[in-house]
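Protein chains in written order, with UniProt numbering: chain A, 1 to 365; chain B, 1 to 365; chain C, 1 to 365; chain D, 1 to 365. Structure, as structure tokens:
Protein chains: 4
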Amino acid sequence: MSGNTFGTLFTVTTFGESHGPAIGCVIDGCPPGMALSEADIQPELDRRKPGTSRHVTQRQEPDLVEILSGVYQGKTTGTPIALLIRNQDQRSKDYGNITDTFRPGHADFTYWSKYGIRDPRGGGRSSARLTAPVVGAAAIAKKWLKQKFGTEFSGGMTQLGDIQVPFQGWEHTTHNPFFAPTGDAVLLERMESYMDALRKDGDSIGARIQVLARNVPVGLGQPIYDKLDADIAYAMMGINAVKGVEIGAGFESVAQRGSVHGDEITPHGFVGNNAGGVLGGISTGQDITVSIAIKPTSSIRVPRHSLDIHGNPVVVETFGRHDPCVGIRATPIAEAMLALVLMDHALRHRAQCGDVVPQNLFTGD
Amino acid sequence: MSGNTFGTLFTVTTFGESHGPAIGCVIDGCPPGMALSEADIQPELDRRKPGTSRHVTQRQEPDLVEILSGVYQGKTTGTPIALLIRNQDQRSKDYGNITDTFRPGHADFTYWSKYGIRDPRGGGRSSARLTAPVVGAAAIAKKWLKQKFGTEFSGGMTQLGDIQVPFQGWEHTTHNPFFAPTGDAVLLERMESYMDALRKDGDSIGARIQVLARNVPVGLGQPIYDKLDADIAYAMMGINAVKGVEIGAGFESVAQRGSVHGDEITPHGFVGNNAGGVLGGISTGQDITVSIAIKPTSSIRVPRHSLDIHGNPVVVETFGRHDPCVGIRATPIAEAMLALVLMDHALRHRAQCGDVVPQNLFTGD
Amino acid sequence: MSGNTFGTLFTVTTFGESHGPAIGCVIDGCPPGMALSEADIQPELDRRKPGTSRHVTQRQEPDLVEILSGVYQGKTTGTPIALLIRNQDQRSKDYGNITDTFRPGHADFTYWSKYGIRDPRGGGRSSARLTAPVVGAAAIAKKWLKQKFGTEFSGGMTQLGDIQVPFQGWEHTTHNPFFAPTGDAVLLERMESYMDALRKDGDSIGARIQVLARNVPVGLGQPIYDKLDADIAYAMMGINAVKGVEIGAGFESVAQRGSVHGDEITPHGFVGNNAGGVLGGISTGQDITVSIAIKPTSSIRVPRHSLDIHGNPVVVETFGRHDPCVGIRATPIAEAMLALVLMDHALRHRAQCGDVVPQNLFTGD
Amino acid sequence: MSGNTFGTLFTVTTFGESHGPAIGCVIDGCPPGMALSEADIQPELDRRKPGTSRHVTQRQEPDLVEILSGVYQGKTTGTPIALLIRNQDQRSKDYGNITDTFRPGHADFTYWSKYGIRDPRGGGRSSARLTAPVVGAAAIAKKWLKQKFGTEFSGGMTQLGDIQVPFQGWEHTTHNPFFAPTGDAVLLERMESYMDALRKDGDSIGARIQVLARNVPVGLGQPIYDKLDADIAYAMMGINAVKGVEIGAGFESVAQRGSVHGDEITPHGFVGNNAGGVLGGISTGQDITVSIAIKPTSSIRVPRHSLDIHGNPVVVETFGRHDPCVGIRATPIAEAMLALVLMDHALRHRAQCGDVVPQNLFTGD
């Protein structure tokens, strides 16, 4: 009810604040018998951790994960898996001057209004740091989906401010600091310069991220409210700073005719994927494709008008260590959320329909 | 788990298929003591019912709602409110020829793959007809929110295919068949011609719908997973044919700088609403603004390639009574989903924080 | 949240009041492909319906059930199954004089205190009549469990007031009006006389009911909170008038030594069943055995002191049609609740552990 | 779904195994603004911790609790409160010889059958040690209920084996090692001797525990499935080793007449409390009274027949540190579960009906 648990059958309950003693989560519903250790989880955490390039926050957090439960002799037991990440680099003094002030674009005003109290240190519970436990949990989901169905995830930045990033291949995303799916050195340098200029201005920028899942089994999703795409939209819009979500053709569908949009079917499979891998809320077996819009970071040096908690007008300039484009680190997070949704629906499907694998119609003959 | 219940504290569990004996829902969690009768619900159902203009399906369904429980002497009792709508115009013969065929863009293939069985009559459970009970349930939520907070809802079509509809005022939406927020007679005639041409072609088109809630109390929403905007995204993407959701500035945020996007705060209130009324997952008290992309209707006369359930290639032409633009009737549905999300979060807020109203900071002095 | 849905994966959401237009439920999570019609459900409803002997209420309700959804061509489709039972014999005038009075032992006082409003007609929502939809839903669960695992249910009255009913065999329960597992004609006549005397006194009496499930697969239940026995206790204590629940040896365990209580295991299986078929919250494969205590009916002719809604003292004598021992009709209800719990846990087990059947250790060699 | 979360609005998600690195829980839904520190929680943990007398296990665990989140400057913030308790005295060698053996009366057989894997160290997840985090969480619930309504909890042992403990007063429970509500020195010495003899025999014994809540507001509970007493039964039966639960008169109701059982109402309040403080599933404002039956400890030295995981017959004698009567330490656990149920229902009531306090009818005039 209080919104700190994600999922229905594969659930992730997170806890922690940016500058409290620790963050972490409890993962419930993981099937028993899967090999699991910290080595399966740490690499995903490393992909999203801060301090990896000059374009992201310089906060130093090793984000070392400890498995506290649910694993015996290297295998999951079917009981809850608790992950613990101790906070280390908590320079709370950086935030001292904003304790009584509502930073524009931030959750300060709404938390204070809702609860009558808020933990201002580093954004408290609303910090993007809280995506770390989820990325850890998703590493477990990814491993299970990979073993069970061969499911794989990719993702990257397809737009940075007004710079479009034409898709060249997912393999490029590991070779640049933006998770950009391009090997175009000129474009990448332009992105670097763009970020450097922004940082100099003390300003920030938005981004568009695309994520994709391959080898998704047919039949995941529920028909009315927990449609696969509805749950994906929920998962994505829940990521900090996301303001828009598209599945498949997304907003392009508005200007499409039905004779163009509806993906035809042949003995070789679907022709096109405007559906983004979901029809009627249920996976088609095609790639699940999702795009999200990420707003510019709200913590900027540019002075802005606001109020303090007494209603007095103030001018806010946010110093400290911030990502000038939160979208840069969003790719592993968006992949993680997609993995959690698929994992949950895989178990839900199994509950209702059993382990039966549907007949493959696509003989190609 | 099986995805037929919407909400957590104010829940709507729907049942029924397009051409079964009846559709309906059970609403649980409605506070006791509110005056309620069918007269509160029927008008909302009438807004979305078919057959109201030549641009929507000609199926004749009075959609008369009956309250079966939860009301005593004209007041809600706090027990479940069941709504029943008998299906009447079930011309199943219209659909007979598609029983064994997967219509492109429809849920036929995925239902069959998931369940190994599907009710093909009028789309069965995946029919847009199943939005009727939800619209009925939302009428109850709207009434409660209006009485409690003065909350009001508006919505309309802002784009039809490639025709943009510049906003002139919500009051116009009741005077044209598109829920278009415009009084521009020339534009409206162009929309009518556009639809007539489409229908002649046996094709269909997408649309963009915007909905909005005014007088939303500050503090609704949860901080991590059940963010207000995440739940709105879930609700909207769950509407049949929706492929994209935006809150506030939506995808425009991608190219915005932080110094532009973040809404400043003054003693008179927020300056701008790029946030769409939500910060950190919690309502700010501003208007909640949401846009959705609706794909073109999948049922078209244009011949399309597909398979039958045995894997044989077939050509599908869908005759019968269909909306050439499902977006036309989507406005009351999108409003309904928004109302259900707000209602649920109003009760959740009350559970955790009590009935306390936050101090109003905006003195304007 | 509002407590009208039973179960987590196989859910039953009920609605209705004793004297409203109808009662019913929505069953969600039923696996697809099972043959189902009203003929599977009606016999269970007939077992618990009123008016079948002179020892139960003479209200005449055929309790005819209608399936509104979720079945196509005689098979479940995996979508929600709605059951509707129209109320017919609503002699509300019988209850007119108790509208403003709190009957001792009834929910009148608590409903009024909680909601500030209550439907007094026949007990409204708190009437035992509301067990009918659940019995209907359980008929579906029973059918599935029987087909899948061969699971079967039995139950009967083991004590009526201070009359013990020594167990002779479940087959006797269908040959007397008490569901008593005995063929002892003298005892049965004594029970009849006992009831006749009570009715003459205008008083009522309690009862003890035992129910049992055979052929339950090993491994159902969760380890900490949703233990199989915890969920059974919840289900049983939720039945109207139940004040105590025992699993296996129940309260006899208090005076047992560990060397007596703990059921030993041999290659032929367990020796004894003090556990009642559950160890550590998970089924052992033995019979699940449950006993419940049912309080005497609260509606009696004997005058009793109480208050009206204004706080004035009144004397209450309840006339009308009432069961002098609600325990008589409790057997099919208790069986139904047990079936719903097992069904839910069967699906939960499948979600987490798949369809795998555990190795049978009991070779008997 | 996997049964490691207790509650619906005030939720406790636990994790950990008896001999893993740590145990703990995440508490979600705690209202903001309540003063909270470890000092509020530790005393409750100390009441149930092992090693406090010669009649309980000699395992040495300080059970020091650390709050990891959800508290800022000494007050709850409305975000999840994570509690961490590191395991210290993990003498796993004590359990080495039972790794492949199913101890009679234990969860060994069922865990192994369900999951195909189990953590045998100290009982793993099925250890009574896992009640510690819940007792910690309940300390928070108790504090809130006390501040809000003045609610208080008591409990103690009312029967040890076949020794009845006549009630003299709850204040006695802190002055003897059994939580016995008696100051009768002769009786207490008899209980000590009884336990000493049992320990010498290497055997164990059951117990009956009663718990009670005072100053419970009227109106908590839901009418059909989440009845207050149903949720209490669920909570109690979920405690390790519990085999029976009674509310109010419990199994005595079976032989009671309605004219005796139904508590009459006068302007001074209810006369008697056979109801145990619950009518129709909703609290009456009287004391909530609950009794539970706790089976004898399954870990005994007396040799017992069983199987190993290969199906071979074995003889099991369990050495190591065990409570010869698990009932001795059950009182604080049962109180904790009762507190969690009331807390959850207090928030649920507030969600649906608001903070309104019902009119007090009992003027006494």
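Ideal placement from N, C-alpha and C gives every residue a C-beta, glycine not left out.
*Just the chain B side, please: which residues come within less than 8 angstroms of arginine 118(C) by C-beta, in chain order?*
Contact of arginine 118(C) with chain B by beta-carbon distance below 8 angstroms involves Tyr72, Thr77.
*Near phenylalanine 102(B), what residues of its chain come up, given a Cβ to Cβ distance below 6 angstroms and the 5 sequence neighbours on each side ignored?*
Within the same chain, phenylalanine 102(B) has close Cβ partners Asp108, Phe109, Ser306, Leu307.
*Enumerate in chain order the residues of its own chain whose CB-to-CB distance from serine 154(A) is below 6 angstroms, with the five nearest sequence positions on each side excluded.*
Answer for serine 154(A): Trp170, Leu212, listed in chain order.
*Give the range of the beta strand (DSSP E) segment to which serine 193(C) is assigned.*
Segment 185 to 201 is the alpha helix (DSSP H) holding serine 193(C); no beta strand (DSSP E) there.
*Whole-angstrom distance between lysine 243(D) and glutamine 256(C), CA atom to CA atom*: Cα-Cα distance, rounded: 12 angstroms.
*Could you tell me which residues DSSP pairs with glycine 269(C) in its beta bridges?*
Residue pairing from DSSP places glycine 269(C) in a beta bridge opposite Thr266(C).
*Start and end residues, alpha helix (DSSP H) containing threonine 131(C)*: Counting along the chain, the alpha helix (DSSP H) containing threonine 131(C) begins and ends at 131 to 149.
*Whole-angstrom C-beta distance between isoleucine 333(D) and threonine 131(D), which should lie under 8 angstroms*: Indeed they touch by this definition, with Cβ atoms about 5 angstroms apart.
*Look at cysteine 325(A) and histidine 106(A) and say whether their C-beta atoms are less than 8 angstroms apart.*
Contact: no.
_chain B contact residues for proline 21(C), given Cβ-Cβ distances below 7 angstroms_ = Going along chain B in sequence order, the residues near proline 21(C) (Cβ under 7 angstroms) are Leu68.
*Rounded to whole angstroms, what's the CA-CA distance from proline 269(D) to glutamine 286(D)? Just pull it up for me.*
It is glycine, not proline, that sits at residue 269(D) in the sequence shown. Near 9 angstroms, if we compare the C-alpha coordinates of glutamine 286(D) and glycine 269(D).
_Taking DSSP's pairing of strands, which residues face arginine 208(C) in a bridge?_
In the DSSP output, where bridge partners are listed per residue, arginine 208(C) has Gln159(C), Ala293(C).
*First through last residue of the alpha helix (DSSP H) which encompasses aspartate 229(D)*: It spans 228 to 237 - the alpha helix (DSSP H) in which aspartate 229(D) sits, taken as one unbroken run.
_Listed by chain order, chain A residues near residue 377(D) by CB distance under 7 angstroms_ = The structure shown does not extend to residue 377(D), since chain D is modelled only from 1 through 365, so no value can be given for it.
*Which residues does DSSP pair with serine 154(A) in a beta bridge?*
Within the DSSP bridge table, the entry for serine 154(A) names Leu212(A) as partners.
*Touching by the beta-carbon criterion (3+ pairs, under 8 angstroms), the stretch 137 to 154 of chain A and the stretch 340 to 348 of chain A*: Because the criterion of three Cβ pairs below 8 angstroms is met, the stretch 137 to 154 of chain A and the stretch 340 to 348 of chain A touch.
*Which residues, taken in chain order from the stretch 162 to 175 of chain A, show a beta carbon closer than 7 angstroms to some beta carbon of chain B?*
Residues passing the 7 angstroms Cβ filter: Asp162.
*Since serine 299(B) sits in a beta bridge, which residues does DSSP pair it with?*
Per DSSP, serine 299(B) has no beta-bridge partner at all.
*Could you tell me which of Thr79(B), Gln88(B), Thr77(B) sits nearest to valine 65(B), measuring between CA atoms?*
Of the candidates Thr79(B), Gln88(B), Thr77(B), the residue whose Cα lies closest to the Cα of valine 65(B) is Gln88(B).
*Taking the continuous alpha helix (DSSP H) assigned at phenylalanine 109(A), which residues delimit it?*
Here the alpha helix (DSSP H) through phenylalanine 109(A) covers 108 to 115.
_Against chain A, with Cβ distances strictly below 8 angstroms, would cysteine 353(C) count as a contact?_
It does; some Cβ of chain A falls within 8 angstroms.
*Should leucine 307(C) be flagged as near chain D, meaning a C-beta pair shorter than 8 angstroms?*
Yes, its Cβ sits closer than 8 angstroms to a Cβ of chain D.
*Measure from the alpha carbon of glutamine 168(B) to the alpha carbon of each residue in Gly156(B), Pro50(B), Ala330(B), then state which is nearest.*
Taking only the C-alpha atoms, the option nearest glutamine 168(B) is Gly156(B).
*Among Gly51(B), Arg59(B), Val71(B), Arg47(B), which has the Cα closest to the Cα of glycine 33(B)?*
Taking the Cα of glycine 33(B) as reference, the smallest distance to any Cα among Gly51(B), Arg59(B), Val71(B), Arg47(B) is reached at Val71(B).
_Residues of the stretch 103 to 135 of chain A whose Cβ lies closer than 9 angstroms to any Cβ of chain D, in chain order_ = Residues Tyr111, Lys114, Tyr115, Gly116, Ile117, Arg118, Asp119, Pro120, Arg121, Gly124, Arg125.
*Who are the near neighbours of cysteine 25(C) in its chain, counting only those whose CB is closer than 8 angstroms to its CB and skipping five residues on each side?*
Hits under 8 angstroms: Val12, Thr13, Thr14, Phe15, Ala82, Leu83, Pro133, Val134, Gly136, Ala137.
*Using the beta-carbon of each residue, which ones in chain B are nearer than 7 angstroms to leucine 64(A)?*
By Cβ distance, chain B contributes nothing, its closest Cβ being about 22 angstroms from leucine 64(A), past 7 angstroms.
*How many Å lie between residue 371(B) and alanine 230(A) at the Cα?*
Because chain B here runs from 1 to 365, residue 371(B) falls outside it and cannot be looked at.
*In terms of DSSP beta bridges, what is alanine 82(D) paired with?*
According to DSSP, alanine 82(D) bridges with Val26(D).
*Along chain B, which residues have their Cβ under 9 angstroms away from the Cβ of leucine 9(C)?*
The answer, in chain order, is Met1, Ser2.
*What separation, rounded to the nearest whole angstrom, lies between the Cα atoms of glutamine 352(A) and glycine 221(A)?*
Here the alpha carbon of glutamine 352(A) sits roughly 11 angstroms from the alpha carbon of glycine 221(A).
*With distances taken between CB atoms, is the gap from glycine 258(C) to threonine 151(D) smaller than 8 angstroms?*
Here glycine 258(C) is not near threonine 151(D), since their CB atoms are 8 angstroms or more apart.
*Might you give, ordered along the chain, the residues of its own chain that have their beta carbon closer than 7 angstroms to the beta carbon of glutamine 42(B), omitting 5 neighbours on each side?*
These residues qualify, in order along the chain: Val65.
*For tyrosine 72(C), which beta-bridge partners are listed by DSSP?*
The partner list for tyrosine 72(C) (beta bridge, DSSP) reads Lys75(C).
_Counting only beta-carbon separations shorter than 8 angstroms, does proline 332(D) have a partner in chain C?_
No Cβ of chain C is located within less than 8 angstroms of the beta carbon of proline 332(D).
*Does any residue of chain B bring its CB to less than 8 angstroms from the CB of leucine 145(A)?*
At a cut-off of 8 angstroms between beta-carbon atoms, leucine 145(A) makes no contact with chain B.
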